[in-house]
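In order, the protein sequence lines correspond to chains A and B. The first sequence begins at 1 in the UniProt record's numbering and counts up one residue at a time. The second sequence begins at 1 in the UniProt record's numbering and counts up one residue at a time. Glycine residues also receive a C-beta, built at the ideal position from the N, C-alpha and C atoms. If you're wondering where the values come from, they're calculated on a predicted model, not measured in any experiment.
There are 2 protein chains.
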Amino acid sequence: MKKPTISDLAQAAGVSKTTVSHAFSGRRHVDPETRERIEKIAQEIGYRPNRAAQHLRTGRTGMIALASSMPFSVAAGPSRLGFLMEIAATAAVASLTRNMALCLIPPFQSGAQLDAITPDGVILVEPFQDDPLVQHFTGLGVPVVSVGRVPGREDIPHVDLNSGATARMVLEHLRASGATRIGLVTGEQRRNSYIETEAAYRAFCDEIGIEPACLQLNESGGEDLAAEAVASLLSRRGDIDALYVPVDAFASGAVTAAASKGLKIPQNIRLATRYDGLRAKLSRPPLTAVELHLEAIADLAVGLLMAAIDGEVAGPVSAPQPELVLRASTAS
Amino acid sequence: MKKPTISDLAQAAGVSKTTVSHAFSGRRHVDPETRERIEKIAQEIGYRPNRAAQHLRTGRTGMIALASSMPFSVAAGPSRLGFLMEIAATAAVASLTRNMALCLIPPFQSGAQLDAITPDGVILVEPFQDDPLVQHFTGLGVPVVSVGRVPGREDIPHVDLNSGATARMVLEHLRASGATRIGLVTGEQRRNSYIETEAAYRAFCDEIGIEPACLQLNESGGEDLAAEAVASLLSRRGDIDALYVPVDAFASGAVTAAASKGLKIPQNIRLATRYDGLRAKLSRPPLTAVELHLEAIADLAVGLLMAAIDGEVAGPVSAPQPELVLRASTAS
DNA sequence: ACCGTTTAGCAAATCGGTTTGCACGAATCA
DNA sequence: TGATTCGTGCAAACCGATTTGCTAAACGGT
């Protein structure tokens, strides 16, 4: 009771394997009548092409991979998982409709592990400069696209997150809500979103004539590190009355820091973050955040990747306009 | 500049393909000296076996799939994502170390989508009775293991979550913290954890002689539905002074409901949930929850699946002892 | 010296598709 | 009528591994 092969089907339909193959792939014309007969019989005997055989011949594996260079379960963990998972969920659907499987790459460990997987293409979520994942896959000749530009690698197609514009939007909102001294907390890794955000922030400070107050934290430190670092920043710079903290785990830390300093949100200090996940929503008070449209972004990324796999040189694509989600943490 | 094949390597090493194959797989003995030479040359020319060819020959695809029958991104979304993703993260690592790729199956849609993927095995997270995913894969002859028993399918290997014991533990804790009338909120779908939990709950009520108060909610309704339903329950049964709400999204709803009724947690009503994710941690007050050891569970599930794929008939395995995580929501 | 047993390695078949080159008849054209 | 094209389909090569059956040499025991 083995699974029927293309030969079985060909025999049952009284045609050759070639014809069956063409009937399915459409790479050559076959008589509509013949094709219909083949399809009908295929249904009956329950034929489904063997993926491995297809892949061997075509040189494709039929799978694309999704990876984030953020620590996966450690430290920044749960919040980042939300971000990645929202993308994963949509990407999985998008892949499947294109007849591809989406598989998960846990954070880079020994590197040898990565050999187990030979995807047709990879989506990297917010890689940083000289990210080993980028190097691994491009070195293998595997097409890579990223969510967020890869610093220093303009050649890699990506979905542009418009982090500069996003930062601008948030900063202006903070000011409109009454803030006069705004600080910024990002991460140490040179991810493009940080770079753009910082640039936009400095430009903004210049314009309105305030002294920049930047913090770059080690992402593995997570919420606790942020709580500590922000508290110390607030001690040094007592004039700060607002913070933009794109990484939501850090934003949680900032909430803790504010509380420890006896500062009320938003009365004494306003707080906005970027990823509108559970943290932002469940925080007390809930945090103003940015709707990034991750589903759309994931869709775009998959589309880009498919094009790249097909050898098309697609330029970067812009994510949909991000939107502010106003919450109590920045109420004026 | 094509990738070297086994033939190239064999030629370079002055042996046959067979010897190379055996050198790598170890399925037959090869002279250690020869093997070393082969490995060295493989390094030099950058040989890596073609997965597709291996799969074709061995009949394996080298990928296992992870699926949850919970709505993936809708409704209960983010919280569930945490649960699934914690498992996914560990499972991905566990798979990769076994030279397998882990791929994600988004929630059952048309069914036709699922054809794109032919995994060697599948891990299902808390499937319910007559779950279409179970039927799809077992029908295809693909080994299935589940996290949480599959009701009505004792033949499917699973990691037992000991939901009955967990419920007992939580209920006893609630009572110890001062509760006298405890209610239970679960989901409509017939997942084993609900079934066991309800049974343990009824037994518990019987024992201590209290009237059971159960709610079964549609999981797609998520937090909002729970808020509504729990509020109405609290109106009907004003005597209730504690709730065990295993699904964390529902627990969030219960928090809202309590607030809307003017009930203070834990003074007027105690609240405990199961999955110790962001919701439980970030809730105000933070919720007592259960450390399920999801990483260990995921590891066990992958192990079970590998055994099943290798044709071993492994019985169910028990998850590590769950532990209560005490938080303010049940302080006495 | 003989026979049985390891040991090391090879050639060839195999997995199930896709793709190429060719054949044959019918239709079109000069 | 002969040449050319088109439509349809087939046989065979091919993708790159694994696995089977076999050979030949080395070894050991009697």
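Using only the alpha-carbon positions, how far apart do residue i and residue j sit?
i	j	result
residue 333/A	leucine 217/A	The question about residue 333/A has no answer here: the residues shown for chain A are numbered 1 through 332.
tyrosine 275/A	leucine 282/A	13 Å
residue 334/B	arginine 175/A	The structure shown does not extend to residue 334/B, since chain B spans only 1 to 332, so no value can be given for it.
leucine 300/B	glycine 121/B	14 Å
threonine 256/B	proline 285/A	14 Å
alanine 272/A	glutamate 172/B	41 Å
leucine 215/B	glutamine 189/B	12 Å
serine 68/A	methionine 85/A	10 Å
valine 30/A	glutamine 54/A	20 Å
aspartate 8/B	isoleucine 41/B	10 Å
threonine 58/B	alanine 52/B	10 Å
valine 247/B	glutamate 198/B	13 Å
leucine 66/B	glycine 238/A	49 Å
alanine 308/B	isoleucine 123/A	31 Å
arginine 149/B	valine 125/B	9 Å
valine 142/A	leucine 56/B	21 Å
aspartate 155/A	histidine 136/B	42 Å
threonine 5/A	valine 134/B	25 Å
methionine 70/B	threonine 97/B	27 Å
aspartate 160/B	alanine 92/B	20 Å
With 7 Å set as the bound, which would you pick, yes or no: does the beta-carbon of residue i sit closer than that to a beta-carbon of chain B?
i	result
valine 74/A	Its pLDDT being 40, under 50, valine 74/A is placed unreliably by the model, and nothing is read from it.
histidine 55/A	yes
methionine 306/A	no
valine 247/A	no
methionine 85/A	yes
arginine 284/A	yes
cysteine 103/A	yes
asparagine 218/A	no
proline 106/A	yes
Less than 7 Å between C-beta atoms, sequence neighbours within five positions excluded: which residues of the same chain meet that for residue i?
i	result
arginine 202/A	Pro212
glycine 178/A	Ser332
histidine 22/A	Arg28 and Val30
alanine 89/A	none
alanine 12/A	Ile41 and Ile45
serine 318/B	Asp160 and Asn162
Under 8 Å Cβ to Cβ from residue i, same chain only, skipping five residues before and after it: list those, please.
i	result
methionine 169/B	Val290, Pro322 and Leu324
residue 344/A	For chain A, the structure presents residues 1 to 332; residue 344/A sits outside this window and is missing.
serine 260/B	Ala227 and Ala231
arginine 181/A	Ile210, Glu211, Ala213, Arg237, Asp239, Ile240, Asp241 and Ala242
glycine 187/A	Tyr194, Gln216, Leu217, Asn218, Glu219, Val247 and Phe250
Between which two residues does the beta strand (DSSP E) harbouring residue i extend?
i	result
glutamate 198/B	Where glutamate 198/B is concerned, there is no enclosing beta strand (DSSP E), although the alpha helix (DSSP H) it sits in stretches over 192–208.
glutamine 216/B	214–217
alanine 319/A	Alanine 319/A -> no beta strand (DSSP E), and no H or E assigned at all.
histidine 158/A	158–160
alanine 65/B	63–68
Taking only beta-carbon atoms, is residue i less than 7 Å away from chain A?
i	result
methionine 169/B	no
threonine 118/B	yes
alanine 94/B	no
glutamine 43/B	no
cysteine 205/B	no
glutamine 113/B	yes
arginine 51/B	yes
alanine 298/B	no
residue 340/B	Lying outside 1 to 332, the shown extent of chain B, residue 340/B is not represented and no answer is given.
alanine 88/B	yes
Here's a check: name, in chain order, each residue in its chain whose Cβ is nearer than 6 Å to the Cβ of residue i, leaving out the five neighbours to either side.
i	result
serine 252/B	Glu223 and Arg279
alanine 94/A	Asp299 and Val302
alanine 196/A	Before going further, note that residue 196/A is glutamate rather than alanine in the sequence given. Once the five neighbours on either side are set aside, the close Cβ partners of glutamate 196/A are Ser163 and Gly164.
serine 73/A	Annotation note: pLDDT 41 at serine 73/A (below 50); position unreliable, no value reported.
glutamine 129/A	Pro151, Gly152 and Arg190
alanine 296/A	Pro320
Kindly indicate the opening and closing residues of the alpha helix (DSSP H) around residue i.
i	result
glutamate 188/B	First-last for glutamate 188/B: undefined, no H or E at that position.
Give, in chain order, every residue of the segment 266–279 of chain B whose Cβ lies closer than 9 Å to some Cβ of chain A.
Gly277, Leu278 and Arg279
Taking a Cβ distance cut-off of 9 Å, strictly less, list which residues of the segment 152–178 of chain A are near chain B, in chain order.
none
Taking Cβ-Cβ distances below 8 Å as the criterion, which residues of the segment 309–324 of chain B are in contact with chain A?
none
Closer than 8 Å between beta carbons: that is the criterion. Which residues of the segment 9–30 of chain A meet it against chain B?
Listed in sequence order: no entries.
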